[in-house]
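This report refers to the structure that appears directly beneath it.
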Amino acid sequence: MESAEITIGVEGLAPETGYRVPYRVFTDPEIYQREQREIFRGATWNFVALEVEIPNPGDFKSTFIGETPVIVTRDGDGTINVVLNRCAHRGALVCRQPRGNAASLECVYHQWSYDLKGNLLGLPFRRGMRGQGGMPADFDISRHGLDRLRVETICGLVFASFSDKVEPLRLYLGPLAVGHIERLFNRPIKLLGDQRQYIHGNWKLYAENVRDPYHASLLHLFHTTFGLYRATQQGASRIDATGRHSALHSVASSNNDAADKSAYAGMRSFDTGFSLQDPSLLAGRKEFVDGITLVILALFPNLVVQQIANTLAVRQIVTHGTDAFELVWTHFGYADDDSDMDQIRLKQANLIGPAGLISMEDGEAVEIVQAAIKGDSERRSFIAMGGGQAVDSDHLVTEGAIIGFWQNYERIIGFDPTK
Amino acid sequence: MNFRTLTAAELHYEISALQVEYADLLDDDRLEDWPELFTETCLYQVIARENADRGLGVAAIFCTSRAMLVDRVVSLRRANIYPLRHHRHILSAVRVTAVADDLVQAQSSYLVLQTRADGATEIYNAGKYLDHIVFAYGRLRFSRKIAIFDTNRVDTLMVTPI
Ligand code: FES
Ligand SMILES: [Fe+2]
Chain A
0 MESAEITIGV EGLAPETGYR VPYRVFTDPE IYQREQREIF RGATWNFVAL
50 EVEIPNPGDF KSTFIGETPV IVTRDGDGTI NVVLNRCAHR GALVCRQPRG
100 NAASLECVYH QWSYDLKGNL LGLPFRRGMR GQGGMPADFD ISRHGLDRLR
150 VETICGLVFA SFSDKVEPLR LYLGPLAVGH IERLFNRPIK LLGDQRQYIH
200 GNWKLYAENV RDPYHASLLH LFHTTFGLYR ATQQGASRID ATGRHSALHS
250 VASSNNDAAD KSAYAGMRSF DTGFSLQDPS LLAGRKEFVD GITLVILALF
300 PNLVVQQIAN TLAVRQIVTH GTDAFELVWT HFGYADDDSD MDQIRLKQAN
350 LIGPAGLISM EDGEAVEIVQ AAIKGDSERR SFIAMGGGQA VDSDHLVTEG
400 AIIGFWQNYE RIIGFDPTK
Chain B
0 MNFRTLTAAE LHYEISALQV EYADLLDDDR LEDWPELFTE TCLYQVIARE
50 NADRGLGVAA IFCTSRAMLV DRVVSLRRAN IYPLRHHRHI LSAVRVTAVA
100 DDLVQAQSSY LVLQTRADGA TEIYNAGKYL DHIVFAYGRL RFSRKIAIFD
150 TNRVDTLMVT PI
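First to last, the protein sequences are chains A and B.
Quick note: the first sequence, position 202, residue 201 per numbering that gives the first Met the number 0, numbers continuous.
Quick note: the second sequence, position 136, residue 135 per numbering that gives the first Met the number 0, numbers continuous.
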């Protein structure tokens, strides 16, 4: 991969080490269309569901890959299918509910009906009525099913791809991501609920945000103050071989309040005068022997898998044009959680999601960038914290994983970071 | 106070007055006074309808004590970063659904309008309140307030209580 140091020249000044992203990638509709084609409908694996969302035969869920509507179904033999949510007749949405259970999928427009694998089962008046109308004699019902996507699962996460070229899912994810998935999904899970938020900014600003341990302790004061996450914690930023996926993790038990106070001296983000009147919010349980209390696993292109204290969730990104995306949080616990653990997870859900005491700021961070870059698409950001290269680090004062994301993006979409 | 001794009209008036006071505190940004409308061991939950309908417990806001409400307000004032916004609660269809000596249950519809710093106003959140109201320490208070919101897709973030 291109991990060579990139030096940026500004006329009349000595070159500096760093990485720059042209702001037009966040605002240009042509680039957005290219992303839909080359990324979301291209050679990638996109998260579409957790298997526990569709446990029984006939269960379905409608969702999106980028902005393309798809249906995830579990058919009679237990197989999971992902089909395009677009009628093979004249293009209507076949599934108009977010989720449900059905024996078949029927388009309401002219009642073409499909099985749960997307095969066309039949259509009204195929042979006409009273000898009139009907489909042409050469109509071949087997050629008019719903478009089927490739489907693979890993530990109960369902991914789909429009591409017949993309490598198998586990290879696509690579050992870093597979390791984290196997750690978090180490036994059967149960669904705790969804949260959705609509953020007025480009989806890639969020892709940067979840690969950015630098901001986490500076923007999210709640994090820092209660020691859930501090840049001084033992932790790491890891990037997969392609740069597209990354994992940030940290260990809260490595906090040292006194030392941390001096590390953050004078910064807004460490407010020691703030204590909880009801500390039960943060009274959790140690769950993992490795001691890791925070994991943000960012999978290209549309998923974040997270553990923050005892909150476990996947966050799916659904794009809505250049300047908006929806973030769908699906919270889960383990099937064998006792009732106390259920309560801990539901209470700690206060920390994440749109009203999350430590996550609400991310929506704001995305929006203030989108608002400021409008109309100046040739200017670029400057990403250099930690050395300005897409490399792993055993500390959290880095933006390396963001550069990994962009180098992979460059290979697909193309832009020149040196200019 | 024994709620059963009140007429339907008196009860409706008392409940409505409490609801209005609640909305005023939020809309006038007197958030420090807002927890006072709850009992110490209250339950306050703001939950998406899609979760409530499926019997799933994840809520946007889930507080199991008045102290947790205070913590929300302190966090909002001192820790959280969010844009300047004004909210306006429109309450309607307040009705009493059950009366016991010491507990009234009530349901109502609400709409929260949001005005961003640029002056544009939009519908932010629509839903219903399911309330348990008791008489404690000299006044009516919520022992439970559940806001079930139809607006499953929250606009950016939710920092002020609903
Ligand atoms: S568009 Fe679906 S049946 Fe006609
Ligand atoms: Fe963040």
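Every residue gets a Cβ at the ideal spot worked out from N, C-alpha and C, and that includes glycine.
Model, not experiment: these values are computed from the prediction.
Residue i - DSSP class collapsed to helix/strand/coil
i: ALA3 (chain A); result: Note on ALA3 (chain A): pLDDT 43, under 50, position unreliable in the model; the coordinate value appears next. Three-state DSSP puts ALA3 (chain A) in coil, outside helix and strand.
i: ALA371 (chain A); result: helix
i: ASN362 (chain A); result: Note that residue 362 (chain A) is Gly in the sequence shown, not Asn. It is helical.
i: ILE382 (chain A); result: strand
i: GLU151 (chain A); result: strand
i: ASP26 (chain B); result: helix
i: ARG48 (chain B); result: helix
i: TYR12 (chain B); result: helix
i: ASN208 (chain A); result: helix
i: ALA125 (chain B); result: strand
i: ILE161 (chain B); result: coil
i: LEU175 (chain A); result: helix
i: GLU409 (chain A); result: helix
i: ILE307 (chain A); result: strand
i: PHE299 (chain A); result: coil
i: GLN18 (chain B); result: helix
i: GLY472 (chain A); result: Residue 472 (chain A) falls outside the range modelled here, since chain A spans only 0 to 418, and no answer is possible.
i: LYS285 (chain A); result: coil
i: GLY11 (chain A); result: coil
i: TYR22 (chain A); result: helix
i: ARG140 (chain B); result: strand
i: VAL153 (chain B); result: strand
i: ALA135 (chain B); result: strand
i: PHE2 (chain B); result: helix
i: ILE401 (chain A); result: helix
i: ILE64 (chain A); result: strand
i: PHE138 (chain A); result: coil
i: THR120 (chain B); result: strand
Beta bridge counterpart(s) of residue i as assigned by DSSP
i: TYR333 (chain A); result: A:ILE188
i: ASN100 (chain A); result: A:ASP58
i: GLY421 (chain A); result: In the structure displayed, chain A extends from 0 to 418; residue 421 (chain A) sits before or after that span and is not available.
i: PHE46 (chain A); result: A:PHE158
i: THR72 (chain A); result: A:PHE59 and A:ASN80
i: ASN255 (chain A); result: Looking at the DSSP assignment, ASN255 (chain A) forms no beta bridge with any residue, so it has no partner.
i: TRP328 (chain A); result: A:GLN194 and A:ARG314
i: TYR31 (chain A); result: For TYR31 (chain A), which the question treats as bridged, DSSP gives no partner whatsoever.
i: HIS86 (chain B); result: B:GLN113
i: CYS62 (chain B); result: B:TYR43
i: ARG243 (chain A); result: Paired residue(s): none; ARG243 (chain A) is not in a bridge.
i: ALA105 (chain B); result: B:VAL95 and B:ASP130
i: VAL294 (chain A); result: A:HIS248 and A:GLN306
i: SER216 (chain A); result: Per DSSP, none; premise fails for SER216 (chain A).
i: ILE145 (chain B); result: B:GLN44 and B:LEU129
i: GLU105 (chain A); result: A:SER112
i: MET128 (chain A); result: A:GLN131
i: SER392 (chain A); result: A:SER236
Beta-carbon proximity check, residue i vs residue j, cutoff 8 Å
i: LEU350 (chain A); j: ILE357 (chain A); result: yes
i: THR63 (chain B); j: LEU42 (chain B); result: yes
i: ASP375 (chain A); j: GLY200 (chain A); result: no
i: TYR108 (chain A); j: LEU145 (chain A); result: no
i: GLU50 (chain A); j: GLY155 (chain A); result: yes
i: THR318 (chain A); j: GLU66 (chain A); result: yes
i: PRO174 (chain A); j: GLU151 (chain A); result: no
i: ASN45 (chain A); j: ASN254 (chain A); result: no
i: GLY362 (chain A); j: ASN50 (chain B); result: no
i: MET134 (chain A); j: ARG147 (chain A); result: no
i: ALA135 (chain B); j: VAL45 (chain B); result: no
i: ALA66 (chain B); j: ALA348 (chain A); result: no
i: ILE291 (chain A); j: VAL250 (chain A); result: yes
i: CYS94 (chain A); j: ASN80 (chain A); result: no
i: GLN196 (chain A); j: VAL153 (chain B); result: yes
Subject >> Residues within the region 101-129 of chain B neighbouring chain A, beta-carbon criterion of under 9 Å >> reply: Those residues of the region 101-129 of chain B that come within reach of chain A (Cβ to Cβ, closer than 9 Å) do not exist; the list is empty.
**OP:** Anything in the region 196-209 of chain A with a Cβ closer than 8 Å to a Cβ of chain B? List those residues in chain order, please.
**Re:** Taking 8 Å as the cut-off between beta carbons, the residues of the region 196-209 of chain A near chain B are GLN196, TYR197, ILE198 and HIS199, in sequence order.
Original post:
Which of the residues in the region 150-161 of chain B, read from start to end, lie with their CB under 7 Å from any CB of chain A?
Top reply: Contacts with chain A (Cβ-Cβ distance below 7 Å) from the region 150-161 of chain B involve ASN151, ARG152, VAL153, ASP154, THR155, LEU156, MET157 and VAL158, listed in chain order.
**OP:** Scan the region 54-65 of chain B for residues whose Cβ lies nearer than 8 Å to a Cβ of chain A and list them as they occur along the chain.
**Re:** If the cut-off is 8 Å between Cβ atoms, the region 54-65 of chain B has LEU55, GLY56, VAL57, ALA58, ALA59, ILE60, PHE61, CYS62, THR63 and SER64 near chain A.
Subject >> Sequence-ordered residues whose beta carbon comes within less than 5 Å of a heavy atom of ligand 1 >> reply: In chain order, the hits are A:CYS86, A:HIS88, A:ARG89, A:ALA91, A:CYS106, A:TYR108, A:HIS109 and A:TRP111.
**OP:** Name, going along the chain, the residues of the region 68-81 of chain B whose beta-carbon falls closer than 7 Å to a beta-carbon of chain A.
**Re:** Here the close residues are VAL69, ASP70, VAL73, SER74, ARG77, ALA78, ASN79, ILE80 and TYR81.
Original post:
What residues in the region 304-315 of chain A bring their beta carbon closer than 7 Å to a beta carbon of chain B?
Top reply: Within the region 304-315 of chain A, no residue has its Cβ closer than 7 Å to any Cβ of chain B.
**OP:** Select from the region 8-33 of chain B all residues with a C-beta closer than 9 Å to any C-beta belonging to chain A, and list them in chain order.
**Re:** Listed by position, the residues of the region 8-33 of chain B near chain A (Cβ gap below 9 Å) amount to none.
**OP:** Residues of the region 173-195 of chain A with a CB closer than 8 Å to any CB of chain B: list them in chain order, please.
**Re:** Listed by position along the chain: LEU190, LEU191, GLY192, ASP193, GLN194 and ARG195.
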